[in-house]
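In my numbering, the protein residues as written are 410 to 865. Where is the CB? At the ideal position from N, CA and C, for every residue including glycine.
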Amino acid sequence: MKKIIYIISRLVMVFLLLVSINACTTDDLDPATEQNKPVEGGIESDANLYGILKGAFSRMTGSGYYGRDLIITNEVRTDNCFSNGNSGRFTTQAGFNYDANTGYFWDDAYRVIASANIIIGVNADELTGDAGYIAHMQGEAYVLRALAHFDLLKQYGQQNTGGTLGVPYITEFKGEDLVPSRNTITECVNFIMADLDNGFALMNTDYDSSPEFITKYAAKAIKSSVAVYFGMWAEAKTAAEAVINSGLYSIIPASQYVNSFAVDAPQNSIFELAFNATDNAGINGLAYIYRTTGGGSYGDVQVLDEVANLYDAGDVRAGILGYEGIMLRNIGKYPDNQGYDNVNVIRYEEVILNYAEALLETGGNALAQVNLLAAQRGIAPYTAVTKAIILDERRKEFIFEGKRFDDLMRTESDIVKFSLQQNFAATIPYGDHRLAWPIPKTEMDANSNMVQNTGY
């Protein structure tokens, strides 16, 4: 797999790959074909820029990233799921037995960043087409760059293992630093927040199309989640309020909750990645891992038996659970066995709970926000709210969506061994080196300035 050094240094090769991915779906894209042609000469219009942007989204849908692995690894390492080893998949991750020979989504994320940097680095004044749309796409690229770095930081950064190092924050596609060092966690957070602000400023709601692209207020939604993760409560409150006050989204009602995961772009979707019959994730998709679907799928990721007791009577969210024989399963989320369902990256309910938590931390009315959600989930309203209640609501709302591990980490929680079904042998205390993934060996070998995480 390609390393950061390769992604940065092989300018033309990567560009040609990016535009060729989209040539089959973007009729007006005219990619450069000469391998010695500068990238700037291959981007001449808003249509060319759109093709590269589509390529960035496409990279995020791969099975190594949001298409499966990032979500699954953040579930099997928690109190939600385990790997039953049916086909041997995800037992390593679920057992916290990974080593530096496994790269996970490192390469995928940096390829998204490379695409974003091409778009950001283009001189908009030299392109033909709609200037407002070009600025909007550059805004989307800033947000994508921030999101990919945030994903990397959460998994490879040392914030949960007692260190100070984050990940290399790459801001140029044609940069001179071919062996980038790791930025500190603080530097990464500052860069992420700045990119999100830049993206929001450049985007215009007139160019918002669907949640399958980055829209203007998706920048604020993602910012609220970054701020919550790092305990930046004032920033989380302000960002969440911007999304709420936009009036563009609403909590999915109880009657539509289960079915909403089989529908593209429902009213609560802020940003989702598009999957369809053409993509045909099939055996590499989420459904194949979560269920056997009558014996035709892998079904490696099973739900811990104790999760059956998580939901109160009447809670519509329990409707996503089901049994295959005696095996408790995720039946309702990503229901299409061929992987045609879109994958939510962030939805409105997350912003509401981000806002509730920020209000709790800053002395606001968190109870009202939590009860907005409770009213649409078939459960009794709360009379008081605590941090534990908010985290419990997050677990019930986002189970199987890959958010639980991040919540455990940001609240400095141990990974508790409470079930024989869990793949790891004993409780993993917060601060254990296994709570950060190792930098891939291929990156370590190629980059003399890279520092490995402790314990690998």
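Do you know how far the Cα of P849 is from the Cα of Q861?
9 Å
Who does F680 pair with in a DSSP beta bridge?
I755
Could you give the first and the last residue of the continuous beta strand (DSSP E) run that contains L719?
Counting along the chain, L719 falls outside any beta strand (DSSP E), and DSSP gives it neither H nor E.
DSSP three-state label for F499, please.
coil
Sequence-distant residues of its chain with Cβ nearer than 6 Å to G473 (five each side left out)
F514, D517
G538 and N613 closer than 7 Å at C-beta:
no
Just how far apart, CA to CA, sit A610 and P838?
41 Å
Return the Cβ separation of G608 and G548 in integer angstroms, given the expectation that the two are a contact with Cβ distance under 8 Å.
4 Å
Which of the three DSSP states is assigned to I480 in this structure?
helix
Under three-state DSSP, which class holds F491?
strand
Quick one, are the C-beta atoms of G728 and V667 less than 7 Å apart?
yes
For S857, which residues of its own chain have a beta-carbon under 8 Å away from its beta-carbon, when the five flanking residues on both sides are left out?
V588
In angstroms, rounded to a whole number, what distance separates the CA positions of D617 and D606?
17 Å
Distance, Y707 Cα to N495 Cα:
7 Å
How many angstroms separate the CA atom of D709 from the CA atom of V635?
31 Å
Taking the straight line between their C-alpha atoms, what separation do you get for A544 and A533?
7 Å
Note down the Cα distance separating E621 from I480, rounded to an integer number of angstroms.
18 Å
8 Å contact criterion, which Y749 and F684 should meet: CB distance rounded
6 Å
What do you get for T482, buried or exposed, if any count of 16 or more other CB atoms within 10 angstroms of its CB means buried?
buried
Three-state secondary structure assigned by DSSP to A630:
helix
By DSSP, does G864 sit in helix, in strand, or in coil?
coil
Quick check on E810: buried or exposed, where buried means 16 or more other Cβ atoms within 10 Å of its Cβ?
buried
By the 10 Å Cβ neighbour count, where 16 or more other Cβ atoms means buried, how is E821 classified, buried or exposed?
exposed
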